[in-house]
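Heads up, the thing below is written out as structure tokens.
In the working numbering, the protein residues as written are 26 to 301.
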């Protein structure tokens, strides 16, 4: 090696794990990457899911029952905190901070936090009873299509399954979502009469919905709002008609899938028997 060559110019030692698997399984590079990402590959006995990992003399093995036929596309259910975006927008590209005159990076104001940043192994709910074995590949290529207000919390769905995504997009007008609206003060059924009148007013062209008082006390009342389709701003509009002040808004159900006891900021897998 030329003495002037920097250490950073040295070729990386070993070979990519995916290349080693291509040799062991006599398969394509993409197939090798799928074996690795599916958790079928061990390096010195430990599961490795990164195709770019470099190996030299380590023992590399592939599960004898490994098959690419049953690789599963997953759907994740996340409990979005209030004040986070709903993840329908992609994560912004990371850009270097602008440098000031003295060569010191200047501060850039932080924008709204994207709920996609919560899709990490650390945020996987400990109470997930789906039985799905976690793979890092489950957190990639996730689509979202059902919006939720920035100020609201609750159920947001992300999926790798094109069939689920197609249903949520094409059939959303027929899928009922249920929201809990916390309002200030004690609300009686009579207080909802302005909303009932608006519901019957054809000029307003409001979507079909059901609203009722779930519980009430002098400090706080809970309203249940069920509506088919995604109608951002509907809860706010209805509460303004009745002169009610919203304290919190939370989506607890989307179709037949419920939020349940999923912790705020955590996610779980959609179980095999669950359908939107």
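Cβ atoms here follow ideal geometry from the backbone N, Cα and C, with glycine treated the same way.
Check: If you draw a straight line from the alpha carbon of residue 134 to that of residue 81, how long is it in whole angstroms?
Finding: Position 109 of the chain shown, counting from 1, holds the residue named residue 134. Position 56 of the chain shown, counting from 1, holds the residue named residue 81. For residue 134, the predicted model reports a pLDDT of 48, less than 50, meaning its position is unreliable; a value from the coordinates is still stated below. Straight-line Cα distance between these residues: approximately 45 angstroms.
**Message:** Let me make sure I understand the geometry here. Which of 104, 192, 219, 48 has the alpha-carbon closest to that of residue 173?
**Reply:** Translated into the one-based positions of the chain shown, residue 173 becomes position 148. It is 104 whose Cα lies nearest to the Cα of residue 173.
Report task. Look at the Cβ atom of residue 291, then the Cβ atom of residue 207, and state whether they are nearer than 9 angstroms. Result -> Here the question's residue 291 lines up with position 266 in the chain shown. Here the question's residue 207 lines up with position 182 in the chain shown. No, Cβ-Cβ distance for residue 291 and residue 207 is not below 9 angstroms.
Which of helix, strand or coil does DSSP assign to residue 149? Indexing the chain shown from 1 puts residue 149 at position 124. Note: residue 149 maps to strand in three-state DSSP.
Around the Cβ of residue 293, are there at least 16 other Cβ atoms within 10 angstroms (buried) or fewer (exposed)? Looking up residue 293 in the chain shown gives position 268. So residue 293 counts as buried.
Report the three-state DSSP secondary structure of residue 66 (helix, strand or coil). Counted from its first residue, the chain shown places residue 66 at position 41. Strand.
Cβ-Cβ distance between residue 205 and residue 275 below 9 angstroms: Here residue 205 corresponds to residue number 180 of the chain shown, with the count starting at 1. Here residue 275 corresponds to residue number 250 of the chain shown, with the count starting at 1. Yes, the pair counts as a contact, with Cβ atoms nearer than the cut-off.
Local conformation of residue 40 per DSSP, three classes: Here residue 40 is taken as the residue at index 15 of the chain shown, counted from 1. Of the three classes helix, strand and coil, the one that applies to residue 40 here is strand, per DSSP.
Task: Spatial distance of residue 266 from residue 226 (CA atoms) - done: For this step, residue 266 is matched to residue 241 along the chain shown. For this step, residue 226 is matched to residue 201 along the chain shown. About 13 angstroms.
Own chain residues within Cβ distance below 8 angstroms of residue 159, not counting five before or after: Numbered from its first residue, the chain shown carries residue 159 at position 134. Correct list, in chain order: 146, 149.
| task | Could you tell me if residue 143 is buried or exposed, where buried requires 16 or more neighbouring beta carbons within 10 angstroms of its beta carbon? | result | To locate residue 143, count along the chain shown from 1; it is residue 118. That one is buried.
Just mark residue 58 as buried or exposed, buried being the case when its beta carbon has 16 or more other beta carbons within 10 Å. Locating residue 58 in the chain shown gives position 33, where the first residue counts as 1. Flag for residue 58 reads buried.
query = Using DSSP with H/G/I as helix, E/B as strand and the rest coil, what is residue 215?
reply = The sequence position of residue 215 within the chain shown is 190, counting from 1. Note: residue 215 maps to helix in three-state DSSP.
* Shortest alpha-carbon distance to residue 42 belongs to which of 85, 283, 246, 192? -> Taking the chain shown and counting its residues from 1, the one referred to as residue 42 is at position 17. Minimum Cα distance to residue 42 is reached at 85.
On a Cα-Cα basis, can you pick out the residue from 111, 62, 246, 88 that is closest to residue 97?
Taking the chain shown and counting its residues from 1, the one referred to as residue 97 is at position 72. Cα-wise, what sits closest to residue 97 is 62.
Check: Between the Cα of residue 232 and the Cα atoms of 253, 248, 107, which residue gives the shortest distance?
Finding: Position 207 of the chain shown, counting from 1, holds the residue named residue 232. Comparing Cα-Cα distances from residue 232 to each of 253, 248, 107, the minimum goes to 253.
Quiz prompt | Delimiting residues of the alpha helix (DSSP H) encompassing residue 190 | solution = The residue you call residue 190 lines up with position 165 of the chain shown. Start and end: 187-195.
Fill in: Which listed residue (53, 55, 49, 54) has its alpha carbon closest to that of residue 67
Taking the first residue of the chain shown as position 1, residue 67 is located at position 42. When each option's Cα is compared against that of residue 67, the closest is 49.
Residues near residue 116 by beta carbon distance below 8 angstroms, same chain, minus five either side: Taking the chain shown and counting its residues from 1, one reaches residue 116 at position 91. Within the same chain, residue 116 has close Cβ partners 139, 141, 142.
- Message: For a test of the three-state rule: what should DSSP assign to residue 319, helix, strand or coil?
- Response: Any question about residue 319 goes unanswered here, given that the chain covers just 26 to 301.
For residue 198 and residue 218, the rounded distance between their alpha carbons: As a working mapping, residue 218 is identified with position 193 in the chain shown. As a working mapping, residue 198 is identified with position 173 in the chain shown. Between residue 218 and residue 198, the C-alpha separation is close to 26 angstroms.
Every unbroken beta strand (DSSP E) inside the stretch 73-114 [3 residues or more] = 85-87, 100-105
Review point. Quick one: is residue 154 buried, meaning 16 or more other Cβ sit within 10 Å of its Cβ, or exposed?
Key: Taking the first residue of the chain shown as 1, we reach residue 154 at position 129. When all chains shown are included, residue 154 counts as exposed.
Is the Cβ-Cβ distance between residue 284 and residue 301 less than 9 angstroms?
Against the chain shown, residue 284 aligns to sequence position 259. Against the chain shown, residue 301 aligns to sequence position 276. Not closer than 9 angstroms, so no.
- Message: Using CA atoms only, rank isn't needed, just tell me which of 230, 69, 242 is closest to residue 256.
- Response: Taking the chain shown and counting its residues from 1, the one referred to as residue 256 is at position 231. For residue 256, the nearest C-alpha among the options comes from 230.
| Can you tell me where the alpha helix (DSSP H) with residue 259 in it begins and where it stops? | Against the chain shown, residue 259 aligns to sequence position 234. Residues 259-266.
Item to check | 3 or more residues per run - each beta strand (DSSP E) lying fully within the stretch 217-296 | outcome: 234-241, 245-253, 271-279, 292-294
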